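What follows is a single structure, written as structure tokens, with notes after it.
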Amino acid sequence: MLKAQNITVSLGKSEILHDVSFEAKPAQLTAIVGPNGSGKTTLLRAMTGDAEYSGTVELNGHDIKTARAWELASERAVLPQATPLAFPFTVLEVVRLGLNSGVTADKGGLVMRALRRVGLAGFEGRFYQELSGGEQQRVQLARVLSQVWEPVTDDTPRWLFLDEPVSALDIGHQLQVMQIAKDYADAGGGVVAVMHDLNLTAMFADSIALISEGRVLRQAAPEAVLQDELLSRAYQCSVRVNTPPADGTYLLPHAASFAAE
Amino acid sequence: MSLALQDNIGVTTVAGDRTRRARQLTWFLALLLAGGMLLSLAVGASGTSLWSGVFDLVTGQDLALRDKVVLLDIRLPRTLMGVLVGAALAVSGAVMQGLFRNPLADPGLVGVSAGAGLGAIIAIVLGGLLPAVVTDKLGYYLVPVAAFAGSWASTLVLYRVATRKGRTSVATMLLAGIALGAIAGAISGLLVYKADDAQLRTLTFWGMGSLAGATWTKLLAATPLIVAALAVSPFLARGLNGLALGEAAASHMGISVQLTKNVSILMVAAATGAAVAVSGGIGFVGLVVPHLLRLMVGPDHKYLLLNSALLGAALLLVADVISRIVIAPAELPIGIVTATLGGPFFLWILLRQRGLLDM
Ligand SMILES: Nc1ncnc2c1ncn2[C@@H]1O[C@H](COP(=O)(O)OP(=O)(O)O)[C@@H](O)[C@H]1O
Ligand SMILES: [Mg+2]
Numbered sequence: 001m002l003k004a005q006n007i008t009v010s011l012g013k014s015e016i017l018h019d020v021s022f023e024a025k026p027a028q029l030t031a032i033v034g035p036n037g038s039g040k041t042t043l044l045r046a047m048t049g050d051a052e053y054s055g056t057v058e059l060n061g062h063d064i065k066t067a068r069a070w071e072l073a074s075e076r077a078v079l080p081q082a083t084p085l086a087f088p089f090t091v092l093e094v095v096r097l098g099l100n101s102g103v104t105a106d107k108g109g110l111v112m113r114a115l116r117r118v119g120l121a122g123f124e125g126r127f128y129q130e131l132s133g134g135e136q137q138r139v140q141l142a143r144v145l146s147q148v149w150e151p152v153t154d155d156t157p158r159w160l161f162l163d164e165p166v167s168a169l170d171i172g173h174q175l176q177v178m179q180i181a182k183d184y185a186d187a188g189g190g191v192v193a194v195m196h197d198l199n200l201t202a203m204f205a206d207s208i209a210l211i212s213e214g215r216v217l218r219q220a221a222p223e224a225v226l227q228d229e230l231l232s233r234a235y236q237c238s239v240r241v242n243t244p245p246a247d248g249t250y251l252l253p254h255a256a257s258f259a260a261e
Numbered sequence: 262m263s264l265a266l267q268d269n270i271g272v273t274t275v276a277g278d279r280t281r282r283a284r285q286l287t288w289f290l291a292l293l294l295a296g297g298m299l300l301s302l303a304v305g306a307s308g309t310s311l312w313s314g315v316f317d318l319v320t321g322q323d324l325a326l327r328d329k330v331v332l333l334d335i336r337l338p339r340t341l342m343g344v345l346v347g348a349a350l351a352v353s354g355a356v357m358q359g360l361f362r363n364p365l366a367d368p369g370l371v372g373v374s375a376g377a378g379l380g381a382i383i384a385i386v387l388g389g390l391l392p393a394v395v396t397d398k399l400g401y402y403l404v405p406v407a408a409f410a411g412s413w414a415s416t417l418v419l420y421r422v423a424t425r426k427g428r429t430s431v432a433t434m435l436l437a438g439i440a441l442g443a444i445a446g447a448i449s450g451l452l453v454y455k456a457d458d459a460q461l462r463t464l465t466f467w468g469m470g471s472l473a474g475a476t477w478t479k480l481l482a483a484t485p486l487i488v489a490a491l492a493v494s495p496f497l498a499r500g501l502n503g504l505a506l507g508e509a510a511a512s513h514m515g516i517s518v519q520l521t522k523n524v525s526i527l528m529v530a531a532a533t534g535a536a537v538a539v540s541g542g543i544g545f546v547g548l549v550v551p552h553l554l555r556l557m558v559g560p561d562h563k564y565l566l567l568n569s570a571l572l573g574a575a576l577l578l579v580a581d582v583i584s585r586i587v588i589a590p591a592e593l594p595i596g597i598v599t600a601t602l603g604g605p606f607f608l609w610i611l612l613r614q615r616g617l618l619d620m
């Protein structure tokens, strides 16, 4: 269980998140959606202990403020929106960095399995800096996966925090990465993903939190959040949700009716 | 694409895994260092032969007094000092670069060496103003002690300036290092005007860096700090590897980022301060050695730090031997040799990294 209560975050002089509460259950994929600059990344950073906040964040029943870095690292891994890399590591070496927490030896060839999982088998000898943006994003996902490979250990769920995990990916790899996240949840782990694409979110999320201007407008099951009026208000444009029975949910902005300034 | 290659002794290596090569290189560098030490013991202006000395010892004959002095009191401490100082400078460079996430970072860059240098210059020029009790007690150690104090003080100032709420900003620290270097340079410049001719010669010689003044007492003075710093460095490897992905990612992986930074800074201050104190400003070792090793076996600090210590020590010994023989019977300050080799190398790195520097 991940429980964030009354989270307020100020960055610089301005308050970015105002008394936000958020919950995610294990065995579910919980999405955080909202317009640019609404505070999605900030909320995620508060819950991973990267941003200073007031309020409480509990992961698996304990306060993350009092937990040690290595304790947290054995329970959750984080994929940031962008990850710089300082030195010329190979793909294999980057993924292996994730292993260092918890298991030291690469038992069962975890690194190679993680690379295969993200569709990058054969890339292990390449230099990370020489890959495309989308390939780099998947290498980082493999690193994150190898940190918390088993979704459940000792009856405790482990967690993936993903900030826009598909932002640099083509549609095929978007589906692949979302499926990895979904499989992780199906196996009992918890997944919290900041999402940009509402259609993908509708396809994969079990629960959605909609954020606008530093407040959670609603957190509920997808059908209760993906509603015309609510989305239109949050995104400041007219949105219509169509639900054709055969294909599941998809959304499109109503082309003719962007809010005119 | 094949995932694993079976090599001739049956060990599986995966493409992109440079672990094995890094370990092999360690053995090679250890041999290189042993060779460097022998060379350093064997070569010198006096013409004393290491081999006949060893032969005499083994066969139980007494060494000629002169040979004994040359081998045991001049060449041996000098060789050991070269090993310690070379290892200290190279590992300091590797740690600093890992901390700053930049292959161009070097202890010289964050003002640690400049602080040590200022301390030494103050001692050389103004040492005469101190009460006789102090100068008598410290005697020959006045300059090294002052250099220690300088590097310690500059590290403290640097730390105060760059650290807020228990967090160190790497960018502020780099800029503060530049400022500290400028301040130390300005004060040193002023002091040089006050120096007399003899002091000026000492200053110049010391500023270039040299192992020529190595004695057992100096060696013992520098050993505890350098050995402690080198002993700590392996524990930094995982933290520095994590930092390559940025501070946030490092802490997500369970690394105590602040501890890694604090220990790195202390380690570099101790090693660099002690090295500068006994051998002056020997440049470029900390820059060139880690860079070469990263090219050969990659940036994994688990192997980079140990390999840097070995290669740094070996290279410094070779540079020292060169400095002893080029203009024999006189000798060059070793700093001139390392700068001659290191300067162009530095430019070459700059050219290769131009893209990086634009960021
Ligand atoms: N370091 C910072 N200092 C001041 N404001 C920031 C900082 N980082 C982000 N912000 C602001 O906080 C708001 C929320 O940012 P963020 O959480 O990154 O949005 P998003 O929902 O797009 O992920 C934005 O208005 C952004 O400009
Ligand atoms: Mg964001």
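If you read the sequences in order, they're chains A and B.
So the first sequence is numbered by this note's numbering: it starts at 1 and just counts up by one.
So the second sequence is numbered by this note's numbering: it starts at 262 and just counts up by one.
Each residue gets a CB set at the ideal place from its N, CA and C atoms; glycine is no exception.
Since the model is a prediction, treat every value here as computed from it, not as a measurement.
- Take A:P222, set aside five residues on each side of it, and the residues of its chain with a beta-carbon closer than 8 Å to its own are T201, A202, A205, D206, S207, I208, T249, in chain order.
- Secondary structure in the region 122-191 of chain A: the alpha helix (DSSP H) runs of 4 residues or longer, each lying completely within the stretch, are 133-147, 171-186 in chain order.
- Ranking B:L553, B:L461, B:V524, B:D561 by CA distance to the CA of B:R499 puts B:D561 first.
- For ligand 2, residues qualifying as neighbours are A:K40, A:T41, A:Q81, A:D163, A:E164, A:V194, where qualification means a beta carbon closer than 7 Å to at least one of its heavy atoms (chain order).
- Interface with chain A (8 Å Cβ-Cβ cutoff): B:G547 is excluded.
- Not one beta carbon of chain A lies nearer than 8 Å to the beta carbon of B:A351.
- Residues of the same chain with a CB within less than 8 Å of the CB of B:T287, apart from the 5 flanking positions on each side, are Y564, L567, N568, L571 in chain order.
- Chain order gives the chain B residues near A:E93 as G277, G559, D561, where near means a beta carbon separation below 7 Å.
- Given a length threshold of 3 residues, each whole run of the beta strand (DSSP E) inside the region 47-102 of chain A is given here in chain order: 54-59, 76-79.
- Taking the CA atoms as reference points, B:T484 sits about 10 Å from B:L341.
- In this structure, A:V192 sits near A:W159, with a CB-CB distance shorter than 8 Å.
- For B:A377, the enclosing alpha helix (DSSP H) covers residues 373-387.
- Taken through DSSP and simplified to helix, strand or coil, A:H18 comes out as strand.
- Its Cα nearest to that of A:A4, the residue A:E23 stands out among A:K13, A:S10, A:L11, A:E23.
- As DSSP reads the structure, A:I32 sits in a beta bridge with A:V194, A:A209.
- Residue contact with chain A for B:H552: absent (no Cβ-Cβ distance below 8 Å to any residue of chain A).
- For B:T287, the enclosing alpha helix (DSSP H) begins and ends at 280-303.
- Of the heavy atoms belonging to ligand 1, at least one sits nearer than 7 Å to the Cβ of A:I16.
- Taking B:M557 as the centre and dropping the five residues before and after it, the same chain places the C-beta of L286 closer than 7 Å to its C-beta, in chain order.
- Of all residues in the region 57-75 of chain A, those with a C-beta nearer than 9 Å to a C-beta of chain B are R68, A69, W70, E71, L72, A73, S74, reading in chain order.
- Excluding residues up to 5 positions away in sequence, E124, G125, R126, F127, Y128 lie with their Cβ nearer than 8 Å to the Cβ of A:T90 in the same chain.
- Counting C-beta pairs with one atom in each stretch, the region 577-585 of chain B and the region 323-330 of chain B have fewer than three that are closer than 8 Å, which means they do not touch.
- At least one heavy atom of ligand 1 sits closer than 7 Å to the Cβ of A:L11.
- For A:S10, the three-state secondary structure derived from DSSP is strand.
- Annotation: the continuous alpha helix (DSSP H) that includes B:N523 extends over 518-540.
- Contact check for B:V356 and B:S415: beta-carbon distance about 17 Å, past the 8 Å limit, so the pair fails to qualify.
- Of all C-beta pairs linking the region 490-507 of chain B to the region 522-534 of chain B, three or more are shorter than 8 Å, placing the two stretches in contact.
- Inter-residue distance for B:L548 and B:V346 is about 14 Å (C-alpha atoms, whole angstroms).
- Between B:T433 and B:A445, the beta carbon gap of about 18 Å keeps them out of contact (Cβ cut-off 8 Å).
- Of all residues in the region 512-538 of chain B, the ones placed with a Cβ closer than 7 Å to any Cβ belonging to chain A are S512, H513, M514, G515, I516, S517, in chain order.
- Counting every other CB atom within 10 Å of its CB across the protein chains shown gives B:P605 a total below 16, marking it as exposed.
- With respect to the C-alpha of B:L299, the residue from B:R339, B:D278, B:S307, B:T533 having the closest C-alpha is B:R339.
- With respect to A:L79, A:Q136 sits apart: the two C-beta atoms are not nearer than 8 Å.
- In this structure, B:Q358 and B:A366 form a Cβ contact; the two beta carbons are roughly 5 Å apart against a cut-off of 8 Å.
- At least one CB of chain B lies nearer than 8 Å to the CB of A:T83.
- Cβ atoms of A:G34 and A:I171 stay farther apart than 8 Å, at about 22 Å.
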